[in-house]
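Participant: Position one of the sequence shown corresponds to residue 61 (our numbering), numbered consecutively onward.
Every residue, glycine too, gets a C-beta built ideally from N, C-alpha and C.
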Amino acid sequence: MKQIQTLLKEYRETATANGTKIHLNGVVEKDVYNITAPFKWLGKEFIAGRVESRDSELAEVHFFEKTAEDNYQIVENTTVLALQDPFVTFVQGELILGGVEVFEKETDSTKLDWRTNLYRAKSLTQFEKILAGPIGMKDLRIKELVDGRILVLTRPQGEKGGRGKIGATVIDSLDELTIEKIAAAPLLNRNFSGDEWGGGNEIHLLVDGKVGVLGHIACFDEAGDRHYYSFSFQLNDDFTQIEQEKIIAERANFAPSEPKRPDLADVVFSGGLIRRADGYAELYAGIGDSDAQKIIIQDPFKNN
Numbered sequence: 061m062k063q064i065q066t067l068l069k070e071y072r073e074t075a076t077a078n079g080t081k082i083h084l085n086g087v088v089e090k091d092v093y094n095i096t097a098p099f100k101w102l103g104k105e106f107i108a109g110r111v112e113s114r115d116s117e118l119a120e121v122h123f124f125e126k127t128a129e130d131n132y133q134i135v136e137n138t139t140v141l142a143l144q145d146p147f148v149t150f151v152q153g154e155l156i157l158g159g160v161e162v163f164e165k166e167t168d169s170t171k172l173d174w175r176t177n178l179y180r181a182k183s184l185t186q187f188e189k190i191l192a193g194p195i196g197m198k199d200l201r202i203k204e205l206v207d208g209r210i211l212v213l214t215r216p217q218g219e220k221g222g223r224g225k226i227g228a229t230v231i232d233s234l235d236e237l238t239i240e241k242i243a244a245a246p247l248l249n250r251n252f253s254g255d256e257w258g259g260g261n262e263i264h265l266l267v268d269g270k271v272g273v274l275g276h277i278a279c280f281d282e283a284g285d286r287h288y289y290s291f292s293f294q295l296n297d298d299f300t301q302i303e304q305e306k307i308i309a310e311r312a313n314f315a316p317s318e319p320k321r322p323d324l325a326d327v328v329f330s331g332g333l334i335r336r337a338d339g340y341a342e343l344y345a346g347i348g349d350s351d352a353q354k355i356i357i358q359d360p361f362k363n364n
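As C-alpha cells, this is what we get:
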C-alpha cells in the first residue's frame, strides 16, 4: 500500500471540500462523536453515536432521530449499550449493531482491554448479543454479500498485525462468526506498511460486483501525536488484496472544534458514507475524539 505522505500529496492536489457539524441534541455536558452515517430503521432515520465525558473513555452508544437537515434528537427510553464507536449493517433484513466494549484487563485491573461486540437489534430496547469478539481487536466489520454469504473484515494487532492491519474472510452465515474464524482470517495483501496502521469502518457493495471499503489510515508523529485520515479502497475479486487506496478527507477539511486532547487534534475517524446519484457522497466522521461532522466529497467508488 502507498504510505500516508504519498496518499496525502495525491489527495491535496484536488481536495476542496469543507465539513459541517452534525447537531446531535439532547446530550448534556458530554461529547457525541464517531457517529454512524444516517440509516433507516423502524420507519425512521437514525444516527448512532458515541457519547462520552471529555475526561473519560467510558462511552455509551445512543440513538439520535432526525428532526431536520443535519439535526438529530437523542431517543429517550432506549437500551443503552456501554460501547465505543458504533457501526451498523443489515443481514437478512435485520439490523446488526456493533461497537467496542472496554473493560478491565484480567491480569491487571489498572489497565484496560477491549473487544468488538455485535448485537442483533429487534427494537430500540431489544438487543441480542451475537458475538463478543477477540480481546484486543477493534475495527471488526461484516457485510452481507449478494450471494448471501458474509464478508468479515478483521484488524489484528501485535505479532500478526503490528500496530493494526486488515484481514478478511468469508463465512456462510452469522452462525459461523466465531473468535476462531476471526483470528484465522488472513491479512490482505498490500496492507499498511512501516509504523502506519488503520482499519475498515464500513463495507460497500458496488454495482460491478466489487467491494469498496471506507476506512481510516493513521500514524504517530515524532512528538507522539496521532494523525488519522479517512480513506477508501477496493478489494480484488477473491477478497485477498487492497486496491485503489486513497485518502478522501483530512482534519483540515472540517469545521473548527476543540479536540478531546491536544494529541488528538488531527484525527478524522470515518463513520459512514452515503453515496449519492450525482457522483458525490456524504462522509460522516468523528473529529478530534469530541465532535461529529459530515463533508460532501466526490464518491470514492463512483466508477463502480
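Thinking C-beta only, is Q301 closer than 7 Å to L248?
Facilitator: Against a cut-off of 7 Å, the Cβ pair of Q301 and L248 comes out as a contact.
Participant: Based on Cα-Cα distance, which residue from V206, F329, V271, L191 lies nearest to G59?
Facilitator: Outside the displayed range of the chain (61 to 364) lies residue 59, so it cannot be described from this structure.
Participant: Decide if A283 is buried, meaning its Cβ has at least 16 other Cβ atoms within 10 Å, or exposed.
Facilitator: So A283 counts as exposed.
Participant: Less than 7 Å between the beta carbons of V160 and L178, yes or no?
Facilitator: No, the pair does not count as a contact, with Cβ atoms beyond the cut-off.
Participant: Quick check: the segment 200-211 against the segment 225-245, are there 3 or more CB pairs under 8 Å?
Facilitator: The answer is yes - the segment 225-245 touches the segment 200-211, with three or more Cβ pairs under 8 Å.
Participant: Suppose contacts are defined by Cβ-Cβ distances below 7 Å. Is L237 in contact with L205 by that definition?
Facilitator: No; because the gap between Cβ atoms is not below 7 Å, this pair is not in contact.
Participant: Please classify A72: does DSSP put it in a helix, a strand, or coil?
Facilitator: The identity of residue 72 in the sequence shown is Arg, whereas the question assumes Ala. Looking at R72 - three-state DSSP - the assignment turns out to be helix.
Participant: Could you pull out every residue in the same chain whose Cβ sits closer than 6 Å to the Cβ of V92, ignoring the five residues on either side in sequence?
Facilitator: Once the five neighbours on either side are set aside, the close Cβ partners of V92 are L84, G109, V111, A352.
Participant: From the DSSP output, read off the bridge partner residues of R311.
Facilitator: R311 pairs with nothing; no bridge assigned.
Participant: For L295, does the three-state DSSP call read helix, strand or coil?
Facilitator: Note: L295 maps to strand in three-state DSSP.
Participant: Use the C-beta contact count for R72: other C-beta atoms within 10 angstroms, 16 or more gives buried, fewer gives exposed.
Facilitator: R72 is exposed by the Cβ-count criterion.
Participant: Have a look at the DSSP bridge pairing and note the partners of A341.
Facilitator: A341 pairs with R335, I357.
Participant: By alpha-carbon positions, which one of E219, N131, H276 ends up nearest to Y288?
Facilitator: Cα-wise, what sits closest to Y288 is H276.
Participant: In chain order, what residues of the same chain lie with their CB nearer than 8 Å to the CB of G193, ignoring the 5 residues before and after it?
Facilitator: Answer for G193: R175, T176, N177, L178, L200, I239, I242, listed in chain order.
Participant: What do you get for A128, buried or exposed, if any count of 16 or more other CB atoms within 10 angstroms of its CB means buried?
Facilitator: Exposed, since its Cβ has fewer than 16 Cβ neighbours within 10 Å.
Participant: Is it buried or exposed, R311, if we count other Cβ atoms within 10 angstroms and call 16 or more buried?
Facilitator: Result: buried.
Participant: Determine, using beta carbons only, whether T96 and V148 come nearer to each other than 7 Å.
Facilitator: Yes, these two residues count as a Cβ contact at 7 Å.
Participant: Which one of Q63, A77, D235, G269 has the shortest CA to CA distance from Q294?
Facilitator: Closest option to Q294, Cα to Cα, is G269.
Participant: So what does DSSP say about A77, is it helix, strand or coil?
Facilitator: Of the three classes helix, strand and coil, the one that applies to A77 here is coil, per DSSP.
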